[in-house]
Each structure stands twice: as C-alpha cells, then as structure tokens.
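Note that this note's numbering numbers the sequence shown so that position 112 is 112, with each residue one more than the last. For glycine and all other residues, C-beta sits at the position ideal for the given N, C-alpha and C. Step one of this worksheet: look at the structure below.
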Amino acid sequence: MPKAIKENIDGGWAWVVTAASLLTNVLVDGVLFTSGHVLQPVWSEYFEVGAGEAAVPIAMMIAVYMMAGPFASSMADKYGSKLVAKLGSIITVLSLFFSAAVNSIIGLSVTFGIFAGLGYSFLSMASVSVIGEYFEMKRSLAAGIAVSGSGFGIFLFAPLMLHLTQNYTWNVALVVLAIMMFLTFVFALLYEPVNAAVIKNYPHDISDSVRETVQVVRRISCDMKSRISSRRNKESGTDSSSLKGSRSKDSAFQRRKKKIYKIYDFSRLKGPTFTLFCFSTYFSLMGLLVPYIFLPQQARAKGISETGGTMLISYMGFFNILVRLACMYAYENFKVDTLSLTNCCLIVAGFFTLALPNFASYWMFIIFALFFSVGTGVFFTLRTASCRELCGQSDLPRSYGVVMLFMGVAVFIGIPLAGAFYDLTGNWNLTFYIAGLFIMFSGFIAWPIKGVKQWEIKRKIMKFISLERSANESSESSDSGRSLEGSFAELRKKKPKCVHRLENDLSSLLKLHSPRAYENQMTKGMSTPKSPKSMKSPKFWHGSKSPKKLKSPQCRTARSSKSDEDFGNTTSSSSKDGVKVEVFKVINTSEKSEQQKEGNNANEKTSGKEGFLAWAKGRN
Numbered sequence: 001m002p003k004a005i006k007e008n009i010d011g012g013w014a015w016v017v018t019a020a021s022l023l024t025n026v027l028v029d030g031v032l033f034t035s036g037h038v039l040q041p042v043w044s045e046y047f048e049v050g051a052g053e054a055a056v057p058i059a060m061m062i063a064v065y066m067m068a069g070p071f072a073s074s075m076a077d078k079y080g081s082k083l084v085a086k087l088g089s090i091i092t093v094l095s096l097f098f099s100a101a102v103n104s105i106i107g108l109s110v111t112f113g114i115f116a117g118l119g120y121s122f123l124s125m126a127s128v129s130v131i132g133e134y135f136e137m138k139r140s141l142a143a144g145i146a147v148s149g150s151g152f153g154i155f156l157f158a159p160l161m162l163h164l165t166q167n168y169t170w171n172v173a174l175v176v177l178a179i180m181m182f183l184t185f186v187f188a189l190l191y192e193p194v195n196a197a198v199i200k201n202y203p204h205d206i207s208d209s210v211r212e213t214v215q216v217v218r219r220i221s222c223d224m225k226s227r228i229s230s231r232r233n234k235e236s237g238t239d240s241s242s243l244k245g246s247r248s249k250d251s252a253f254q255r256r257k258k259k260i261y262k263i264y265d266f267s268r269l270k271g272p273t274f275t276l277f278c279f280s281t282y283f284s285l286m287g288l289l290v291p292y293i294f295l296p297q298q299a300r301a302k303g304i305s306e307t308g309g310t311m312l313i314s315y316m317g318f319f320n321i322l323v324r325l326a327c328m329y330a331y332e333n334f335k336v337d338t339l340s341l342t343n344c345c346l347i348v349a350g351f352f353t354l355a356l357p358n359f360a361s362y363w364m365f366i367i368f369a370l371f372f373s374v375g376t377g378v379f380f381t382l383r384t385a386s387c388r389e390l391c392g393q394s395d396l397p398r399s400y401g402v403v404m405l406f407m408g409v410a411v412f413i414g415i416p417l418a419g420a421f422y423d424l425t426g427n428w429n430l431t432f433y434i435a436g437l438f439i440m441f442s443g444f445i446a447w448p449i450k451g452v453k454q455w456e457i458k459r460k461i462m463k464f465i466s467l468e469r470s471a472n473e474s475s476e477s478s479d480s481g482r483s484l485e486g487s488f489a490e491l492r493k494k495k496p497k498c499v500h501r502l503e504n505d506l507s508s509l510l511k512l513h514s515p516r517a518y519e520n521q522m523t524k525g526m527s528t529p530k531s532p533k534s535m536k537s538p539k540f541w542h543g544s545k546s547p548k549k550l551k552s553p554q555c556r557t558a559r560s561s562k563s564d565e566d567f568g569n570t571t572s573s574s575s576k577d578g579v580k581v582e583v584f585k586v587i588n589t590s591e592k593s594e595q596q597k598e599g600n601n602a603n604e605k606t607s608g609k610e611g612f613l614a615w616a617k618g619r620n
C-alpha cells in the first residue's frame with residue numbers, strides 16, 4: 001500500500017479531514033438549530049398563520065434530519081462518506097434555493113422541511129463516518145473536535161440569522177444560507193477514502209469513548225448481512241451461488257425489506273428495557289428543542305430586546321461547547337454512569353424550563369441558558385453510550401435507529417404543539433410549563449431502567465437454559481456433538497434472534513465469572529458485548545442474599561488459571577453463525593458435575609460458569 005496513505009492514519013491528512021468535519025458541523029447545526037427562532041415569527045406574520053402552523057417546516061426539518069440518520073449512515077457505509085457528503089450538500093443547497101421562491105407553509109414544509117432535513121442528515125452522518133475511516137488511536141480526540149462544531153454553529157449563526165432577517169427579507173436570508181452551505185461541497189472533496197486494508201494492518205488501540213457512535217455509522221447497513229443471507233438460502237434450500245443472474249422482482253423487494261429491517265429493528269421494542277428507554281427519549285425531545293425556537297420570544301415578552309433574546313441562543317451554543325467537551329473527557333477518563341448522569345441533567349433542565357415563565361431579568365435568562373445547556377449537552381453526548389450499555393455493542397446500530405425514529409417523531413409533534421399552546425393562550429407560559437414537565441418526566445421514568453434490565457437478563461438466561469434442555473431432549477444422544485449441533489441449528493432457525501441475544505447474555509456471564517476463559521474465546525473469534533456492571537453484585541441474582549452456589553468454594557476458585565484454561569480449550573474456533581455448540585457441552589458437564597459433587601469434597605474446583613449454570617438449573 002502507498003506509504004502516504006498509511007501515514008494519514010491518526011495524522012497528516014487525517015487532521016485536514018477533521019477540520020473539514022468540524023466546519024461541516026458548524027454550518028449544518030448552525031442553520032438547523034438557529035433558523036427556527038428567527039424564521040418562525042417571520043413566517044407567522046408573513047403568511048398570517050398561527051405560531052404552531054408556522055413552526056411546522058422547522059419541526060419537519062429537524063425531524064427528518066433525525067429520522068433519516070440511519071439511512072444516511074447506511075448510504076455512507078455503502079457508497080463512502082465523500083459521495084454521501086457531496087450528495088447531501090447538493091440536496092441542501094437546492095432545497096434552500098427553492099424554499100426562497102415558495103409562497104406557502106405547505107411548500108416550505110416540503111422544500112425547507114423534508115428535502116433540506118434530508119440533506120443535513122447526509123452531511124452530518126458523513127462527517128461522523130469519515131472520522132472513523134481516518135482515525136484509530138486518536139479517534140476520541142478527533143470525534144470530540146468534530147462534534148464541538150455544533151456548539152460553535154449555534155453560537156455564530158444565531159446573531160447572523162437575526163441580522164439577515166432584520167436587514168433583508170427572509171427569502172434573501174435563505175439564498176445567503178444556500179450559498180454558505182455550498183461550502184460543505186468543498187469540504188466533502190477533502191474526504192478522500194482510505195484503504196481498509198491499511199487500517200486493518202495498522203497497529204492501534206481503539207478507544208471506547210466514541211466507538212459506539214462510529215459503529216452506528218459504519219455498521220448500520222452491514223451488520224448481520226451474512227447471517228440474513230445464509231438463513232434465507234437455508235430456508236429455501238437454495239445455495240447462494242445458484243441465485244446469481246436470476247434475481248426476480250420479488251426477491252429484490254424482499255432484500256429491500258431486509259435492509260429496512262436492519263436499519264430499524266422494531267423487535268427490540270418487545271423488551272421492556274429498550275421500550276422504556278425509547279419512551280424516555282421521546283418525552284425528552286418533546287421539550288428539549290422548544291427553547292431553541294421560542295426562548296427569544298419569551299424574553300421579548302419580559303421586556304428584553306430582540307437582540308438580547310437572540311444572544312441567549314448564542315450563549316446556549318457557547319455553554320453547549322463546554323458541556324460537550326467536559327462530558328466527553330469525563331466519559332473517556334472516568335467511570336461515568338451515563339444513564340444516571342443523563343437523568344439527573346434532564347431533571348435539572350426540566351426544572352429550569354418549568355420555572356422560566358417566572359424569570360424577569362436578563363441575568364436569570366442567562367442562568368437558564370447555562371443549566372439548560374448542561375441538560376441538552378449531556379443528553380446528546382451520552383445518549384448513544386447509554387443505548388450501547390443497555391442493548392450491547394452488537395445490537396447498537398439497529399437499536400439506535402429505532403431511538404432516532406422516536407426522536408424525530410417527538411420533534412415533529414413537540415415543536416408545533418408548543419406553538420399551538422401560544423395560539424391558544426396568547427402567551428408563552430403554558431408552552432414552557434408543558435415542555436419542562438415533558439423533560440422532567442423523561443428523566444424520572446428512566447430511573448428504573450437498570451432494575452428492569454437486570455430482571456430482563458435473568459429472565460433471558462433462564463429461558464436460554466430452558467431452550468438448551470429442549471434442544472438436548474430433541475437430540476438422539478446428548479453426548480454427540482453432531483446431534484447437538486443439529487438440534488441447536490433447528491432451534492436457531494425457529495427463533496434466531498432470540499437465541500442470538502440469549503447467547504450474548506450467557507457470554508456476558510462468562511466474562512464476569514471466568515475472565516480468562518472469556519479472553520480465550522475472544523482471541524478465537526467470538527465477539528461478546530460488555531456486561532452491565534450491576535451484574536457483578538450478588539444482589540443482582542438473589543435480592544439481598546447471594547445464591548448458595550455462588551458462595552460455594554467452586555465459585556470462589558472460579559478464576560483459577562487451570563479451570564479457565566480448561567474451559568477455553570473446549571471452545572471451537574469456528575463461529576460462522578456466532579454460535580458455540582460447546583456451550584451446551586459445558587451445560588451438560590455442569591449437570592453431571594453437580595450430581596457427582598453431592599458425595600465429594602465441597603472444595604473441588606470447577607469453573608465459574610459451571611457453578612452459575614448449576615445454580616440456575618436448580619432454580620429453573
């Protein structure tokens with residue numbers, strides 16, 4: 001490979017790409033989050049419509065920006081960040097030009113709302129994806145620099161938008177924005193693709209801080225691709241090689257359905273943990289963007305000048321920069337409970353939003369901007385990390401796609417609803433009361449998520465053992481690896497997703513109770529999600545008391561090198577479908593060993609996984 005390309009990993013041209021990503025985020029988020037507070041009142045007066053109706057194009061733009069995120073990530077993964085960024089730039093520029101010529105709210109909802117929002121989404125996702133292509137060891141630093149462009153954009157564009165609308169018409173303002181957004185096409189030209197083989201062979205130590213964000217972008221279209229293809233061919237009894245050149249329209253339709261399924265995995269909503277997380281996110285977005293649109297108008301109602309009200313948005317952007325950088329530093333260097341921290345910040349932000357109608361002086365509005373920015377900064381910075389902790393790294397891309405869908409729907413409903421409250425009452429007090437209650441409620445309902453997650457994992461593991469028993473009973477000989485593999489393959493064909501997730505939970509327990517065996521599995525190609533820290537506590541399994549099996553000498557000696565190595569040697573290196581047939585051998589061994597231990601010395605050494613499974617089977 002060319003030496004020049006290799007030198008650009010974590011250095012050289014990579015920093016030029018980082019600067020281009022930063023400037024792209026400045027332009028995208030600057031227009032996205034500051035155009036509303038200026039254009040909404042202007043459109044309301046120009047088209048002679050209510051505040052709620054005038055807010056529809058703005059709400060639709062932000063909603064499409066969020067909901068199209070997974071699709072834009074899929075496009076970046078398939079066609080490259082450079083092409084997607086150029087496409088997003090062209091769509092955005094044309095949308096703003098056409099919006100300047102539209103003379104109705106409905107037309108603006110299409111041009112300024114749908115198409116411009118789609119273009120912003122393409123630009124934003126490509127700017128994140130390209131960081132993952134150019135950085136390995138310094139990825140967290142580069143990503144932190146790139147995403148800080150959001151705060152800079154809000155800080156700079158708030159007074160600029162006010163200046164344009166005060167001195168020119170809103171049509172001219174949109175034309176100026178279109179010309180400025182054309183710069184993103186120039187920045188996209190700097191996104192030169194990097195050969196994946198160079199990155200693979202380059203020595204690196206990937207950081208966990210923003211791994212989940214990059215993988216949402218890079219893996220959302222290719223995760224489980226081979227598994228879905230092989231499963232479809234097995235069910236039809238057709239080898240993939242025989243399908244070449246004979247794809248019909250029906251098969252093409254099925255492939256499109258599979259792609260949509262990979263982006264939005266709605267089956268995750270069957271679990272109470274993820275459902276609660278999604279609804280918490282939904283209620284958060286019902287109120288979090290309301291101040292970005294209506295805060296200057298509330299300030300003017302309290303006697304503050306129009307310029308002073310607009311500067312509040314700039315202050316929020318400045319505070320947002322500090323909060324994001326501090327949050328990323330804390331997450332990178334300390335053990336941060338992302339979910340609890342986010343909940344606390346949401347409750348604080350909701351409280352100040354609820355109290356905003358009682359603020360009268362300008363300094364009190366600045367204090368509100370500070371504390372509200374803490375809530376929004378922490379929420380948007382750690383939301384992906386919280387989702388990863390709840391769903392696991394392997395399920396993150398499809399799970400976060402559903403989360404973004406909930407976010408988009410909430411924005412589309414929340415912002416026009418806030419304007420409708422003003423049309424109903426004639427003041428902005430009820431708008432901020434409702435928004436504050438939504439934000440606080442989202443923080444409170446997310447508190448029991450950890451407990452629900454623990455209960456759900458325990459239930460899944462018991463179900464896994466029950467499925468294993470049914471697989472053993474259906475096989476002719478429980479000692480035959482072939483028959484076990486066949487029965488498990490049949491079980492996996494009936495419930496593939498269920499077995500896959502239960503398998504992840506079982507592997508998480510292996511990591512807790514037998515770390516060396518877990519490392520042996522990882523070196524042989526078995527990827528496993530990170531287990532929740534709360535599972536380490538004995539209270540996780542049996543209330544305030546630990547199970548007897550976990551207190552036994554077998555478990556106290558679970559981390560002995562001998563037992564770990566013995567289990568690690570039983571793990572097969574073949575994992576095409578991500579399935580370990582030897583898991584059942586371990587379970588069977590634990591059953592036999594449990595029967596032998598009844599008359600033996602209690603100090604006999606066994607693996608930690610055997611001890612846990614023996615205890616779990618006894619409870620089942």
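(message) So, with DSSP's three-state summary, where would you put Y79?
(response) Your numbering for residue 79 matches position 79 in the sequence shown. Helix.
(message) T353 and G436 - do their beta-carbons sit closer together than 8 Å?
(response) Your numbering for residue 436 matches position 436 in the sequence shown. Your numbering for residue 353 matches position 353 in the sequence shown. The answer is yes: Cβ separation under 8 Å.
(message) Mapping the DSSP letters down to three states, classify E48 as helix, strand or coil.
(response) Position 48 of the sequence shown, counted from the first residue, corresponds to residue 48. Residue state, collapsed to three classes: coil.
(message) Do S129 and F115 count as a contact pair if the criterion is CB distance below 8 Å?
(response) The sequence position of residue 115 within the sequence shown is 115, counting from 1. The sequence position of residue 129 within the sequence shown is 129, counting from 1. No, the Cβ-Cβ distance between F115 and S129 is not below 8 Å.
(message) Check this for me: beta carbons of I367 and M440, under 8 Å apart or not?
(response) For this step, residue 367 is matched to residue 367 along the sequence shown. For this step, residue 440 is matched to residue 440 along the sequence shown. For I367 and M440, no; Cβs fall outside 8 Å.
(request) Look up Y102 in the DSSP assignment and say whether it is helix, strand or coil. (result) Residue 102 sits at position 102 when you count from the first residue of the sequence shown. The sequence given here has Val at residue 102, not Tyr. If DSSP states are grouped into helix, strand and coil, V102 belongs with coil.
(message) Within 8 Å, do at least three Cβ pairs link the segment 279-292 to the segment 19-30?
(response) Remark: fewer than three beta-carbon pairs, one from each stretch, lie closer than 8 Å, so the segment 19-30 and the segment 279-292 are not flagged as touching.
(message) Whole angstroms are fine: how far does the CA of N171 sit from the CA of V336?
(response) Locating residue 336 in the sequence shown gives position 336, where the first residue counts as 1. Locating residue 171 in the sequence shown gives position 171, where the first residue counts as 1. For V336 and N171, the distance between alpha carbons rounds to 46 Å.
(request) Say whether the segment 88-108 touches the segment 172-180, bearing in mind that this needs 3 or more beta-carbon pairs closer than 8 Å, one atom from each stretch. (result) yes
(request) Return the CA-CA distance between E53 and I105, expressed in angstroms with no decimal places. (result) Indexing the sequence shown from 1 puts residue 53 at position 53. Indexing the sequence shown from 1 puts residue 105 at position 105. Here the alpha carbon of E53 sits roughly 8 Å from the alpha carbon of I105.
(message) Out of T275, N167, L160, which one is the CA nearest neighbour of P448?
(response) Within the sequence shown, the letter at position 448 stands for residue 448. Comparing Cα positions, the closest option is T275.
(request) Please decide whether A349 counts as near chain B, where near means a Cβ-Cβ distance under 8 Å. (result) Within the model displayed, chain B is absent; a lone protein chain is all it includes.
(request) Pull up the CB-CB distance for L339 and E306, whole angstroms please, since I reckon it's below 8 Å. (result) Position 339 of the sequence shown, counted from the start, is the residue given in the question as residue 339. Position 306 of the sequence shown, counted from the start, is the residue given in the question as residue 306. About 39 Å; that fails the 8 Å criterion.
(request) Would you mind listing the alpha helix (DSSP H) stretches within the segment 87-156 that are 4+ residues and don't spill past its ends, in chain order? (result) Runs of the alpha helix (DSSP H) inside the segment 87-156: 105-108, 116-134, 139-147.
(message) I need the boundaries of the alpha helix (DSSP H) containing A369, first residue and last residue.
(response) The residue you call residue 369 lines up with position 369 of the sequence shown. Per DSSP, A369 belongs to the alpha helix (DSSP H) from 362-391.
(request) Compare the C-alpha of L162 against each of P41, L424, I434, A410 and name the closest. (result) For the purposes of this step, residue 162 is taken as the residue at position 162 of the sequence shown. Answer by Cα proximity: P41.
(request) Look at Y329 and L382 and say whether their C-beta atoms are less than 8 Å apart. (result) Against the sequence shown, residue 329 aligns to sequence position 329. Against the sequence shown, residue 382 aligns to sequence position 382. No, they are not a contact pair.
(message) Looking only at its chain, what residues have a beta carbon closer than 6 Å to the beta carbon of L295, apart from the 5 residues adjacent to it on each side?
(response) Residue mapping note: residue 295 aligns to position 295 of the sequence shown, counting from 1. Only L312 meet the Cβ criterion.
(request) Taking 8 Å as the threshold, find out whether the segment 45-65 comes into contact with the segment 412-430 through three or more Cβ pairs. (result) Contact holds: three or more Cβ-Cβ distances are below 8 Å.
(request) Classify V17 as buried or exposed, calling it buried when 16 or more other Cβ atoms lie within 10 Å of its own Cβ. (result) As a position in the sequence shown, residue 17 is number 17, starting the count at 1. That one is buried.
(request) Please report how far the alpha carbon of G88 lies from the alpha carbon of C391, in whole angstroms. (result) Here residue 88 is taken as the residue at index 88 of the sequence shown, counted from 1. Here residue 391 is taken as the residue at index 391 of the sequence shown, counted from 1. Their backbone Cα atoms lie some 30 Å apart in a straight line.
(message) Measuring only the C-alpha atoms, how far is N25 from S386?
(response) Residue mapping note: residue 25 aligns to position 25 of the sequence shown, counting from 1. Residue mapping note: residue 386 aligns to position 386 of the sequence shown, counting from 1. When rounded, the distance between both Cα atoms is 23 Å.
(message) Given a cut-off of 8 Å on the beta-carbon distance, is the pair F318 and C345 in contact?
(response) For the purposes of this step, residue 318 is taken as residue 318 along the sequence shown, with counting starting at 1. For the purposes of this step, residue 345 is taken as residue 345 along the sequence shown, with counting starting at 1. No, they are not a contact pair.
(request) Throw me the rounded Cβ distance for the G132 and Y65 pair, which I believe falls under 8 Å. (result) Here residue 132 refers to the residue found at position 132 of the sequence shown. Here residue 65 refers to the residue found at position 65 of the sequence shown. Not a contact, Cβ separation roughly 20 Å.
(message) Considering Cα atoms alone, identify which of Y362, C327, I321, M407 is closest to F155.
(response) Translated into positions along the sequence shown, residue 155 becomes position 155. That would be I321, whose Cα lies nearest to the Cα of F155.
(message) Buried or exposed for S158, going by 16 or more other Cβ atoms inside 10 Å?
(response) What you label residue 158 is simply residue 158 of the sequence shown in a count that begins at 1. Correcting the residue type first, residue 158 is Ala in the shown sequence and not Ser. It is buried - the Cβ of A158 has at least 16 other Cβ atoms within 10 Å.
(request) State yes or no: is the C-beta of F432 within less than 8 Å of the C-beta of L356? (result) Numbered from its first residue, the sequence shown carries residue 432 at position 432. Numbered from its first residue, the sequence shown carries residue 356 at position 356. Yes, they are a contact pair.
(message) Relative to the C-alpha of G113, which candidate in V411, S466, A446, K453 has its C-alpha closest?
(response) Here residue 113 refers to the residue found at position 113 of the sequence shown. Closest option to G113, Cα to Cα, is V411.
(request) Indicate whether F365 and F372 have their beta-carbon atoms separated by less than 8 Å. (result) Mapped onto the sequence shown, residue 365 falls at position 365. Mapped onto the sequence shown, residue 372 falls at position 372. In this structure, F372 does not lie closer than 8 Å to F365 by Cβ.
(message) Measuring alpha carbon to alpha carbon, tell me which residue in Q297, M407, M316 is nearest V38.
(response) Numbered from its first residue, the sequence shown carries residue 38 at position 38. Cα-wise, what sits closest to V38 is Q297.
(request) Check each candidate in R139, A326, F266 and name the one with the smallest Cα separation from D395. (result) Translated into positions along the sequence shown, residue 395 becomes position 395. The shortest C-alpha separation from D395 is found at F266.
(request) Kindly give me the distance between the Cβ atoms of S148 and L325, rounded to whole angstroms, as I take these residues to be in contact under 8 Å. (result) On the sequence shown, residue 148 is found 148 positions in, with the first residue counted as 1. On the sequence shown, residue 325 is found 325 positions in, with the first residue counted as 1. Correct: roughly 6 Å between the Cβ atoms.
(message) If you reduce the DSSP assignment to three classes, tell me which class L289 lands in.
(response) Residue mapping note: residue 289 aligns to position 289 of the sequence shown, counting from 1. Coil.
(message) Within a Cβ cutoff of 6 Å, which residues of the same chain sit near S124, ignoring the five residues on either side of it in sequence?
(response) Counting from one through the sequence shown, the residue named residue 124 turns up at place 124. Cβ within range, chain order: V28.
(message) Under DSSP, the alpha helix (DSSP H) around Y433 begins and ends at which residues?
(response) Here residue 433 refers to the residue found at position 433 of the sequence shown. Start and end: 429-445.
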